[in-house]
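For the sequence shown, this note's numbering assigns the number 1066 to the initial residue and increments by one for each residue that follows.
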Amino acid sequence: MTHVDTLVVGAGVSGLTAARLLADAGQTVITLEARDRVGGRVHTDRGSGWLTDLGASWIHGITDNPLADLVRGWSMPTVEFTVGSYQPDGRAIAYYDPAGRRLGDDDAAAFGADVRAADEALAGAVEGSFPGSSFGEAIEVALSTLGWNEDRTERVREFLRHRAEEQYGVSADLLDAHGLDDDAVDGDEVVLPEGFDALPARLAEGLDVRLEHVVSRVRWSEHGVEVVTSRGELTADRAVVTVPVGLLKSGALELDPPLPPSHARALDGLEMNAFEKVFLRFDAAFWDEDVYAVRRQGPAGLWWHSWYDLTRLHDQPTLLTFAAGPCAEAIRGWTDEQVVASVLESLRGIYGDRVTDPVEVRITHWQDDPWTHGSYAYMTLGSTPEDHDRLAEPIGGVLHLAGETTWAEDPATVTAAFRSGHRAAENILGRTLDLPT
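Okay, here's the thing in structure tokens:
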């Protein structure tokens, strides 16, 4: 039976970062991956001749961000695209009111100012919230302090609820009041026009990564670990398990013995979300020029309210919209044709007959992915931000959990996955490590 220093379960960015650092430090490391590719929830599709990041797209905030530093150090091209965190303004955004009329510059600026005022009130409402209360309740508390008329309040309420859905793929009423505590971006946001999968591919170079090895059990004790896979068993002095929360909670991967109570409680408070991408490519653009995004206010924007113009990334007229939270759950069983018809109907509410049929469509289905059961994790009612870091505390000196949801500062991001893998390697070696180069 093969024995190594460390077994890493999962070849996403977190697992590959840990494996890279441990291997560079002289350890023998094997990384086990159920898929036929590396990257996990970083997945770039090139099969149709177009480049489409079906998973992660953005690096959210490049200031003092070690992931951004790594991407720059590896000379990976980036393009600034600073609206990925659902900002109200700061970049050119075309807003359309409930009647389908575009807001003028002054009205759009006033709306952005309203959102920032509400955010200030919201910070106080969240800080004073009771344990177990929702982000939706905090929104109502904050808005009640502002003294606005009904229409003004409703427009901002919509925005804040849409932001919760688009940031965490869940209704604001199911997200803990502290669920967006990490919602801050330092510096610009960027995307990788040559595909985000270049990052895990580079991390994996030279590593012993074994694809199509489905791990069903990790037995651990003070003496080490035994890992059962679809292609046999391996042993190691320790293991780093980097699979998503959805897989950990599904029962498909058994930890034997189960997680200690503190880790189990932290895991109980986290759930995978419902969040899908819809890419529409067209022969020609019919939407507003020189904007980062188009947003619709009012009931017509209940589901499809934001479209992001990706044209300048690949020189092909392309819109990206998100099915998030209730919308993603409702359309889960729809055909692609039904989804596209629904999105186009919403666009025609703004642009009328100018809207043409797309020449290509790509729709993700992360909710149905057996290795994720969703896109990323969110905080359920009663959970705490500390639950993220609590999951990462080493167990018995041999078992380590890592991944985007184990990093409290900015979970649900590739940056969090990267930093959690770095931390796991440092915990194993008991010393500070430089980042990969």
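Backbone N, C-alpha and C define an ideal beta-carbon position, used for all residues, glycine too.
These figures come from a predicted structure and were not determined experimentally.
Endpoints, the alpha helix (DSSP H) within which I1415 is located: For the purposes of this step, residue 1415 is taken as residue 350 along the sequence shown, with counting starting at 1. Per DSSP, I1415 belongs to the alpha helix (DSSP H) from 1401–1416.
Buried versus exposed call for W1139 [16 or more other C-beta atoms within 10 Å across all chains shown]: Position 74 of the sequence shown holds residue 1139. W1139 comes out exposed.
Sequence-distant residues of the same chain with beta carbon closer than 8 Å to P1142, five excluded per side: Here residue 1142 refers to the residue found at position 77 of the sequence shown. Correct list, in chain order: L1257, P1258, E1259.
Those runs of the alpha helix (DSSP H) which lie wholly inside the segment 1157–1222 and span at least 4 residues: Every alpha helix (DSSP H) stretch that sits fully inside the segment 1157–1222 and reaches 4 residues is listed by chain position as 1170–1192, 1200–1209.
Alpha-carbon spacing of G1495 relative to R1303, whole angstroms: Counting from 1 along the sequence shown, the entry for residue 1495 is found at position 430. Counting from 1 along the sequence shown, the entry for residue 1303 is found at position 238. Cα atoms of G1495 and R1303: separation of roughly 14 Å, rounded to the nearest angstrom.
Three-state secondary structure (DSSP) of H1108: Residue mapping note: residue 1108 aligns to position 43 of the sequence shown, counting from 1. Three-state result, H1108: coil.
Nearest-angstrom Cα separation, counted from L1385 out to P1423: Taking the first residue of the sequence shown as position 1, residue 1423 is located at position 358. Taking the first residue of the sequence shown as position 1, residue 1385 is located at position 320. Approximately 12 Å, taken between the alpha carbons.
D1251 - containing beta strand (DSSP E), residue span: If you number the sequence shown from 1, residue 1251 lands on position 186. Where D1251 is concerned, there is no enclosing beta strand (DSSP E), because DSSP gives it neither an H nor an E.
Per-residue burial, F1195 [other beta carbons within 10 Å of its own, 16 or more giving buried]: By one-based count along the sequence shown, residue 1195 stands at place 130. By the neighbour-count rule (16 or more Cβ atoms within 10 Å), F1195 is not buried but exposed.
Between the CA atoms of G1462 and V1069 - distance to the nearest angstrom: Residue 1069 sits at position 4 when you count from the first residue of the sequence shown. Residue 1462 sits at position 397 when you count from the first residue of the sequence shown. Each residue's Cα considered, the two are about 16 Å apart.
Per-residue DSSP class, three states only, for G1091: To locate residue 1091, count along the sequence shown from 1; it is residue 26. In the structure shown, G1091 sits in coil (DSSP, three-state: anything other than H, G, I, E or B).
Segment contact, 8 Å Cβ cut-off, at least three pairs: the segment 1324–1343 with the segment 1379–1394: Touching, yes, given that three or more Cβ pairs across the two stretches are closer than 8 Å.
Cβ-based neighbour list, W1285, same chain, cut-off 6 Å, excluding 5 preceding and 5 following: Here residue 1285 is taken as the residue at index 220 of the sequence shown, counted from 1. Around W1285: V1463, L1464.
Coil, strand or helix - T1376 by DSSP: Your numbering for residue 1376 matches position 311 in the sequence shown. Helix at T1376.
Assigned secondary structure, R1284 (DSSP; H/G/I helix, E/B strand, else coil): Along the sequence shown, read from residue 1 onward, the residue named residue 1284 stands at position 219. R1284: strand per DSSP, three-state reduction.
Backbone secondary structure at H1227 - three-state DSSP: For this step, residue 1227 is matched to residue 162 along the sequence shown. Of the three classes helix, strand and coil, the one that applies to H1227 here is helix, per DSSP.
8 Å Cβ cutoff met for L1029 and A1182: Examination of residue 1029 is not possible in this model, given that the chain is present from 1066 through 1502 alone.
For E1474, the three-state DSSP class (helix, strand or coil): Position 409 of the sequence shown, counting from 1, holds the residue named residue 1474. The three-state reading of DSSP puts E1474 in coil, since its state is none of H, G, I, E or B.
Cβ-based burial, D1118 [other Cβ within 10 Å; buried from 16]: Taking the first residue of the sequence shown as 1, we reach residue 1118 at position 53. Burial call: buried.
Supposed close pair F1261, V1107 - CB separation, criterion 8 Å: Taking the sequence shown and counting its residues from 1, the one referred to as residue 1261 is at position 196. Taking the sequence shown and counting its residues from 1, the one referred to as residue 1107 is at position 42. So it is a contact: roughly 5 Å between Cβ atoms.
Terminal residues of the alpha helix (DSSP H) in which L1135 lies: By one-based count along the sequence shown, residue 1135 stands at place 70. 1131–1138 is the span of the alpha helix (DSSP H), which, as asked, contains L1135.
Separation of A1178 from V1356, as counted between CA atoms: To locate residue 1356, count along the sequence shown from 1; it is residue 291. To locate residue 1178, count along the sequence shown from 1; it is residue 113. Straight-line Cα distance between these residues: approximately 19 Å.
Counted within 10 angstroms of its Cβ, other Cβ atoms place T1071 as buried (16 or more) or exposed: Within the sequence shown, residue 1071 is the residue found at index 6, counting from 1. So T1071 counts as buried.
Bridge-paired residues (DSSP) for L1299: The residue given as residue 1299 occupies position 234 in the sequence shown. T1067, V1292.
Pair within 8 Å by beta-carbon distance, D1101 and R1427: Here residue 1101 refers to the residue found at position 36 of the sequence shown. Here residue 1427 refers to the residue found at position 362 of the sequence shown. Taking 8 Å as the Cβ cut-off, D1101 and R1427 do not qualify as a contacting pair.
Closest residue to F1351 among L1412, L1324, W1369 (Cα-Cα distance): Residue numbering aside, residue 1351 sits at position 286 when the sequence shown is read from its first letter. Checking every option, the nearest Cα to that of F1351 belongs to L1412.
DSSP-derived helix/strand/coil call for T1480: Stepping through the sequence shown from its first residue, residue 1480 is reached at position 415. Of the three classes helix, strand and coil, the one that applies to T1480 here is helix, per DSSP.
CB of G1165 within 8 Å of CB of G1414, strictly: Stepping through the sequence shown from its first residue, residue 1165 is reached at position 100. Stepping through the sequence shown from its first residue, residue 1414 is reached at position 349. In this structure, G1414 lies closer than 8 Å to G1165 by Cβ.
Environment of A1442 [buried if 16+ CB atoms lie within 10 Å]: Taking the first residue of the sequence shown as position 1, residue 1442 is located at position 377. Flag for A1442 reads buried.
Where the beta strand (DSSP E) through A1389 begins and ends: Working through the sequence shown from its first residue, we reach residue 1389 at position 324. 1383–1389 is the span of the beta strand (DSSP E), which, as asked, contains A1389.
Closest Cα partner of L1116 within the set L1446, I1124, T1471, L1345: As a working mapping, residue 1116 is identified with position 51 in the sequence shown. Its Cα nearest to that of L1116, the residue L1345 stands out among L1446, I1124, T1471, L1345.
Pair within 8 Å by beta-carbon distance, A1084 and T1096: By one-based count along the sequence shown, residue 1084 stands at place 19. By one-based count along the sequence shown, residue 1096 stands at place 31. For the 8 Å CB-CB criterion, A1084 and T1096 form a contact.
Residue range of the unbroken beta strand (DSSP E) whose run includes E1319: The residue labelled residue 1319 in the question sits at position 254 within the sequence shown. In the DSSP annotation of this structure, the continuous segment of the beta strand (DSSP E) that includes E1319 starts and ends at 1319–1321.
A1157 versus A1358 - alpha carbon distance: Here the question's residue 1157 lines up with position 92 in the sequence shown. Here the question's residue 1358 lines up with position 293 in the sequence shown. Taking the Cα positions, A1157 is about 7 Å away from A1358.
Euclidean distance between Cα positions of L1264 and G1234: Taking the sequence shown and counting its residues from 1, one reaches residue 1264 at position 199. Taking the sequence shown and counting its residues from 1, one reaches residue 1234 at position 169. The alpha-carbon of L1264 is positioned some 24 Å away from that of G1234.
Coil, strand or helix - L1367 by DSSP: By 1-based counting over the sequence shown, the position of residue 1367 is 302. Coil, per DSSP.
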